[in-house]
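Notes for the one structure printed next.
There are 2 protein chains.
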Amino acid sequence: MAMEAGSILPEPMKLLATHDHSSVVSMNLFVALLCACIIIGHLLEENRWMNESITALAIGLCTGVVILLTSGGKSSHLLVFSEDLFFIYLLPPIIFNAGFQVKKKQFFRNFITIMLFGAVGTLISFGIISIGAIHFFQKMNVGPLKIGDYLAIGAIFSATDSVCTLQVLNQDETPLLYSLVFGEGVVNDATSVVLFNAIQSFDLTHLNSGIALQFIGGFLYLFVASTLLGAFAGLLSAYIIKKLYFGRHSTDREVALMILMAYLSYMLAELFNLSAILTVFFCGIVMSHYTWHNVTESSRVTTKHAFATLSFVAEIFIFLYVGMDALDIEKWKIVSSSPGTPIGVSSVLLALVLVGRAAFVFPLSFLSNLTKNSPYEKVNLKQQVTIWWAGLMRGAVSMALAYNQFTRSGHTHLRKNAIMITSTITVVLFSTVVFGLMTKPIVRVFLPSSKYIPTVLSSEPSTPKSLTVPLLAQDDTEANHPSSHHNVPRPTSLRMLLSIPSHTVHHYWRKFDDGFMRPVFGGRGFVPFFPGSPTDH
Amino acid sequence: MAMEAGSILPEPMKLLATHDHSSVVSMNLFVALLCACIIIGHLLEENRWMNESITALAIGLCTGVVILLTSGGKSSHLLVFSEDLFFIYLLPPIIFNAGFQVKKKQFFRNFITIMLFGAVGTLISFGIISIGAIHFFQKMNVGPLKIGDYLAIGAIFSATDSVCTLQVLNQDETPLLYSLVFGEGVVNDATSVVLFNAIQSFDLTHLNSGIALQFIGGFLYLFVASTLLGAFAGLLSAYIIKKLYFGRHSTDREVALMILMAYLSYMLAELFNLSAILTVFFCGIVMSHYTWHNVTESSRVTTKHAFATLSFVAEIFIFLYVGMDALDIEKWKIVSSSPGTPIGVSSVLLALVLVGRAAFVFPLSFLSNLTKNSPYEKVNLKQQVTIWWAGLMRGAVSMALAYNQFTRSGHTHLRKNAIMITSTITVVLFSTVVFGLMTKPIVRVFLPSSKYIPTVLSSEPSTPKSLTVPLLAQDDTEANHPSSHHNVPRPTSLRMLLSIPSHTVHHYWRKFDDGFMRPVFGGRGFVPFFPGSPTDH
Numbered sequence: 001m002a003m004e005a006g007s008i009l010p011e012p013m014k015l016l017a018t019h020d021h022s023s024v025v026s027m028n029l030f031v032a033l034l035c036a037c038i039i040i041g042h043l044l045e046e047n048r049w050m051n052e053s054i055t056a057l058a059i060g061l062c063t064g065v066v067i068l069l070t071s072g073g074k075s076s077h078l079l080v081f082s083e084d085l086f087f088i089y090l091l092p093p094i095i096f097n098a099g100f101q102v103k104k105k106q107f108f109r110n111f112i113t114i115m116l117f118g119a120v121g122t123l124i125s126f127g128i129i130s131i132g133a134i135h136f137f138q139k140m141n142v143g144p145l146k147i148g149d150y151l152a153i154g155a156i157f158s159a160t161d162s163v164c165t166l167q168v169l170n171q172d173e174t175p176l177l178y179s180l181v182f183g184e185g186v187v188n189d190a191t192s193v194v195l196f197n198a199i200q201s202f203d204l205t206h207l208n209s210g211i212a213l214q215f216i217g218g219f220l221y222l223f224v225a226s227t228l229l230g231a232f233a234g235l236l237s238a239y240i241i242k243k244l245y246f247g248r249h250s251t252d253r254e255v256a257l258m259i260l261m262a263y264l265s266y267m268l269a270e271l272f273n274l275s276a277i278l279t280v281f282f283c284g285i286v287m288s289h290y291t292w293h294n295v296t297e298s299s300r301v302t303t304k305h306a307f308a309t310l311s312f313v314a315e316i317f318i319f320l321y322v323g324m325d326a327l328d329i330e331k332w333k334i335v336s337s338s339p340g341t342p343i344g345v346s347s348v349l350l351a352l353v354l355v356g357r358a359a360f361v362f363p364l365s366f367l368s369n370l371t372k373n374s375p376y377e378k379v380n381l382k383q384q385v386t387i388w389w390a391g392l393m394r395g396a397v398s399m400a401l402a403y404n405q406f407t408r409s410g411h412t413h414l415r416k417n418a419i420m421i422t423s424t425i426t427v428v429l430f431s432t433v434v435f436g437l438m439t440k441p442i443v444r445v446f447l448p449s450s451k452y453i454p455t456v457l458s459s460e461p462s463t464p465k466s467l468t469v470p471l472l473a474q475d476d477t478e479a480n481h482p483s484s485h486h487n488v489p490r491p492t493s494l495r496m497l498l499s500i501p502s503h504t505v506h507h508y509w510r511k512f513d514d515g516f517m518r519p520v521f522g523g524r525g526f527v528p529f530f531p532g533s534p535t536d537h
Numbered sequence: 001m002a003m004e005a006g007s008i009l010p011e012p013m014k015l016l017a018t019h020d021h022s023s024v025v026s027m028n029l030f031v032a033l034l035c036a037c038i039i040i041g042h043l044l045e046e047n048r049w050m051n052e053s054i055t056a057l058a059i060g061l062c063t064g065v066v067i068l069l070t071s072g073g074k075s076s077h078l079l080v081f082s083e084d085l086f087f088i089y090l091l092p093p094i095i096f097n098a099g100f101q102v103k104k105k106q107f108f109r110n111f112i113t114i115m116l117f118g119a120v121g122t123l124i125s126f127g128i129i130s131i132g133a134i135h136f137f138q139k140m141n142v143g144p145l146k147i148g149d150y151l152a153i154g155a156i157f158s159a160t161d162s163v164c165t166l167q168v169l170n171q172d173e174t175p176l177l178y179s180l181v182f183g184e185g186v187v188n189d190a191t192s193v194v195l196f197n198a199i200q201s202f203d204l205t206h207l208n209s210g211i212a213l214q215f216i217g218g219f220l221y222l223f224v225a226s227t228l229l230g231a232f233a234g235l236l237s238a239y240i241i242k243k244l245y246f247g248r249h250s251t252d253r254e255v256a257l258m259i260l261m262a263y264l265s266y267m268l269a270e271l272f273n274l275s276a277i278l279t280v281f282f283c284g285i286v287m288s289h290y291t292w293h294n295v296t297e298s299s300r301v302t303t304k305h306a307f308a309t310l311s312f313v314a315e316i317f318i319f320l321y322v323g324m325d326a327l328d329i330e331k332w333k334i335v336s337s338s339p340g341t342p343i344g345v346s347s348v349l350l351a352l353v354l355v356g357r358a359a360f361v362f363p364l365s366f367l368s369n370l371t372k373n374s375p376y377e378k379v380n381l382k383q384q385v386t387i388w389w390a391g392l393m394r395g396a397v398s399m400a401l402a403y404n405q406f407t408r409s410g411h412t413h414l415r416k417n418a419i420m421i422t423s424t425i426t427v428v429l430f431s432t433v434v435f436g437l438m439t440k441p442i443v444r445v446f447l448p449s450s451k452y453i454p455t456v457l458s459s460e461p462s463t464p465k466s467l468t469v470p471l472l473a474q475d476d477t478e479a480n481h482p483s484s485h486h487n488v489p490r491p492t493s494l495r496m497l498l499s500i501p502s503h504t505v506h507h508y509w510r511k512f513d514d515g516f517m518r519p520v521f522g523g524r525g526f527v528p529f530f531p532g533s534p535t536d537h
């Protein structure tokens, strides 16, 4: 009876006009796999080697094998790779959350070093990988690659993925290192995407100094304009919420407005052809500095965790997808006639990645150390090795860029393109799994000074302590109450003020912030009072 | 320089392969309008007549006019209506949140009345509207409608939209009325969608008692199976989070798992051809009864507000869209040759809606009152009128069903179909705006006993009081601590236990819940202890 009625009766399915049955099956499977990743990731939390990214990759690979077998070797993925999906839905929450959760004081204190690593370093790495690719690939039977392809390869493999490392490093124990690795990762994302787009839209047959100058000018314009747009969106949200006194009526409106304004800044940057990644990152920073303090306590807890959760799910989604796509049989068939070539190409690329990163981390660290007087702010050799290692992984951005350069709507038929795609997959998988697995032990060896105990509170930045102390704000108070549990001894407030010009900039910023910005836009200490709200006054 | 560089350089746009420039413009405008709706809705909060739905409709209409003028009368909407968008992305959060935030005790205490109104009532209303449409439209030069079209019209206009009313009624002041209106709304959603699908997939030329029996059997099967699937998904999430002790490591994983499991239940119901709306509604109820108590305090605040926010944005999105679509010139052009007909059709439909609802609210209330002994649980005449009024609005579900029946991928060319679409838009706009505007005054007239003061705490269910008392749980404790601020005097515990069989069922459920369910699945009083978590032990 039940079956009979079910077949006669209603398909709510029918309403899903363009979603056929197989795509509903795919979505179910994909959501179920996401759940599985979260559960397994939880169980492996205390494991010495694993992390969430590797778990998702492994589950993706296994699912790929199962699908490959059940479909009779026809296909291995549930969803066709879509750059829209990646750049419009998955990347914005990851980057926004990065800006939202970053410890702003550390980030801005090391701003010059971060820009050196993220912008100049990426350009050095890009140059070395491009030149290396031109040099080696022409001897290796890859096929007729153009100069644009070589430069694209340079940009693709300059995009790092420091998610693994950040899962291992601890923001409280090694604040300097964390902010350097994290900040470099964000700036690197932006730089490599901007670089890649520039290469695609440039006429590369006639290079001269005029074009190079335009290129640099355009790069700076993009950087400044994107940053300003992000800051503007953040300040606007802070002003509206403070001025209109939103908390009076509804928590949900505050949360909705923050999310929508952040997304609007991303889409506006797309509209004006700016770097949306940079925009949404700075929007996140400004929102956490001003807007976040203007909302009710519930909204603070909600936004903090909701943004982190969105970012977390988006990351797992990407790794799951990359794992599944690695077995895409179409591309492997094309390259299988000469299996030696892709292996060779992948090895060369991995070597170039290692060399290209070493070529800027050590020299630039040396340069950066020259500008610092205090020995506590210098980056010592062990830390340099950790930074070098932290950026060796290649991840989702590399994949997205490679698909953009070497495929047409997810499919590839030319042999040289198939070789490049399979090599990118190999480099991403190898670097994430092998380098990723070695990260925890390496950090333990090179940073033995940090008490590396995976306790509840230290290994997990989102435990409920957030309710008793406003977490995002705690870095603002560090200057006044230097916390005693830092292992790296910190200079006293007095010495900080005397020592370095960058601190003077910071000092004037504080004055400007306290004197003008916070009274207008709200922020810690300038929060309007909500009746019924348990804010600490 | 800036412009020049911008044009030479990079389009991150390029990466949005299938998103052309105009769709980025549309998305920007749409997100900006959503922000505008939120801000204006906030400013009008204390207004006597307006509410968020009407604001969104009005803004949508204005935008439609502007787009119509700037595009030279070509089109009025930013996005083409997509049932996928509605049924896969917008409806699930609204319904899930409804289940998640409902006061379970009230809901289950009035379960039989709610089912009478929601299922039997919708069928009565469906019958009256269908028969009325057959009777009147055949005289009205509408065009050659089939029997299936008439029945579809019945189903389309049986789907109520009680969002407006729920914004006005207060869950604490009039708990009985609120739970009746709310519960009926949810069951009505499910019933009308199931009915609509049944009509579409049925061979309506040969009606006999066998098919009618199958129809009823199928309906019951759907109802039970969908409910069980939802309850299963909710219990599974509770068990996993309790057993694996998720709070130990991460708040974000808990939140992510709850969202993904809820969505999975919706998609699974789609997969098995069940009623996904019912499934996700019961999943929400079970999650708020068990899972919600098993997570950390931060996760509780986050999920409560995140779900409410999602639902809130989805609702505004729908109304904004309906407002914009109302001016779609294509359809109005087709019907403009004989403007009398759509006006007549709309008037007939509005009258049928009024009659169809009256035809079940008053008789069924009488029936329901017969089963109650306590005078406090009976629905008096004033409350009956309020319930009747509360369900007169037609909203997004009606629109989605009408598009499904009378258009092909958003376009319509037949005159009779254009008439039906424009009439649906007219009925939705008229009932939402006119009936919606009159709701606040009518509630004030018919329920003068409730102290109708729009204070901060009583008019807004999501003010920060949630941090001091776990809001969702407070109804569970009502039996033990009858709260004194209710205006309707409540029977004492002893009398409740003696009086009615439905209370006995509830009593046994409590025993079963305390004795078996909560120890296994967690829930209030059976929460595992998290170190560092500020749960009140």
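Line by line, the protein sequences are chains A and B. Everything in the first sequence is counted per the UniProt record's numbering, starting at 1 for the first residue and increasing by one. Everything in the second sequence is counted per the UniProt record's numbering, starting at 1 for the first residue and increasing by one. C-beta atoms are modelled at their ideal positions from N, C-alpha and C, and glycine is treated no differently.
Taking a contact to mean a Cβ-Cβ separation below 8 Å, would you say Val433(B) touches Ile59(B) in this structure? At the C-beta level, Val433(B) and Ile59(B) stay beyond 8 Å of one another.
Q. Cα-Cα, which of Ile241(A), Leu228(A) and Ala308(A) is closest to Cys283(A)?
A. Leu228(A)
Worksheet item: What's the call for Ile216(B), buried or exposed, on a 16-neighbour Cβ count within 10 Å?
Response: Classification of Ile216(B): exposed, given that the 10 Å Cβ count is below 16.
Cβ shell of Ser226(A) (< 7 Å), same chain only, five flanking positions each side left out | Ala269, Leu274, Ser275, Leu278 and Thr279
Pick helix, strand or coil for Arg524(B), following the three-state DSSP scheme. coil
Going by beta-carbon coordinates alone, are Ile387(B) and Val193(B) separated by less than 8 Å? no
**Asked** Got a sec: is the Cβ-Cβ distance from Glu173(A) to anything in chain D below 8 Å?
**Response** Protein chains A and B are contained in the structure displayed, whereas chain D is not.
Closest by CA to Thr516(B), which one among Tyr290(B), Leu69(B), Ser250(B) and Tyr178(B)? Here residue 516(B) is Phe; the residue named in the question, Thr, does not match the sequence. The shortest Cα separation from Phe516(B) among Tyr290(B), Leu69(B), Ser250(B) and Tyr178(B) belongs to Tyr290(B).
Practice prompt. Spatial neighbours of Gln383(A) within its chain, please: CB distance less than 6 Å, with the 5 preceding and 5 following residues excluded, ordered by chain position.
Written response: Leu177
Based on Cα-Cα distance, which residue from Asn51(A), Glu377(A) and Ile128(A) lies nearest to Lys440(A)? Asn51(A)
Range of the contiguous alpha helix (DSSP H) that encloses Asn188(B): Counting along the chain, the alpha helix (DSSP H) containing Asn188(B) begins and ends at Pro175 to Ser201.
Mind checking if Thr191(B) is an interface residue toward chain A, Cβ cutoff 8 Å exclusive? no
When the Cα of Leu350(A) is compared with those of Val313(A), Leu429(A) and Gln101(A), which residue comes out closest?
Leu429(A)
Against chain B: residues of the stretch 249-260 of chain A by CB proximity under 7 Å: Those residues of the stretch 249-260 of chain A that come within reach of chain B (Cβ to Cβ, closer than 7 Å) are His249, Ser250, Thr251, Asp252, Arg253, Val255, Ala256, Leu257 and Leu260.
- Taking the continuous alpha helix (DSSP H) assigned at Asn170(B), which residues delimit it? Run containing Asn170(B): none; DSSP gives neither H nor E here.
### Message
Please return the same chain residues whose Cβ sits closer than 7 Å to the Cβ of Leu498(A), not counting the five positions on each side in sequence.
### Response
Note that Leu498(A) has pLDDT 43, beneath the 50 cutoff, so the model's placement of it is unreliable and no number is given.
Inset, instruction - Just mark Phe366(A) as buried or exposed, buried being the case when its beta carbon has 16 or more other beta carbons within 10 Å. - result: exposed
Worksheet entry | Buried or exposed (CB count within 10 angstroms, at least 16 for buried), Asn480(B) | Because Asn480(B) sits at a pLDDT of 38, beneath the cut-off of 50, its placement in the model cannot be relied upon, and the following sentence gives the value as read from the coordinates. Classification for Asn480(B): exposed.
Item checked: Environment of Thr70(B) [buried if 16+ CB atoms lie within 10 Å] -> exposed
Any C-beta of chain A under 8 Å from that of Asn294(B):
no
**Prompt:** Helix or strand or just coil, what does DSSP make of Thr386(A)?
**Reply:** helix
Under 8 Å, do Thr160(A) and Gly391(A) count as touching if we go by C-beta distance?
A contact, by the Cβ cut-off of 8 Å.
*Own chain, CB closer than 7 Å to Lys378(A), minus 5 neighbours either side, in chain order*: Asn369 and Lys372
*Considering only the beta carbon of each residue, do Ile241(B) and Leu260(B) sit closer than 8 Å?*
no
- prompt: Checking contacts by CB at 8 Å: is Tyr239(B) closer than that to chain A?
  reply: no
Given that Ala32(B) touches chain A, what residues does it touch there, using C-beta distances under 7 Å?
Leu264
Q. Which term fits Phe521(A), buried or exposed, when burial requires 16 or more other beta carbons within 10 angstroms of its beta carbon?
A. buried
Just the Cα atoms here: how many angstroms apart are Arg518(B) and Trp332(B)?
57 Å
- [ ] Mark Gly523(A) as exposed unless 16 or more other C-beta atoms lie within 10 angstroms of its C-beta, in which case mark it buried.
- [x] Counting C-beta atoms within 10 angstroms of its own C-beta, Gly523(A) has 16 or more neighbours from the protein chains shown and is therefore classed as buried.
(Q) Could you check whether Phe406(A) and Ile425(A) sit closer than 8 Å to each other, using their CB atoms as the reference points? (A) no
Considering Ala159(B), what are the terminal residues of the alpha helix (DSSP H) in which it resides? Neither: Ala159(B) is in no alpha helix (DSSP H) and is coded neither H nor E.
Assumed close pair Val335(A), Ala262(A) - CB separation to whole angstroms, cut-off 8 Å
Actually they do not touch by this definition, with Cβ atoms about 41 Å apart.
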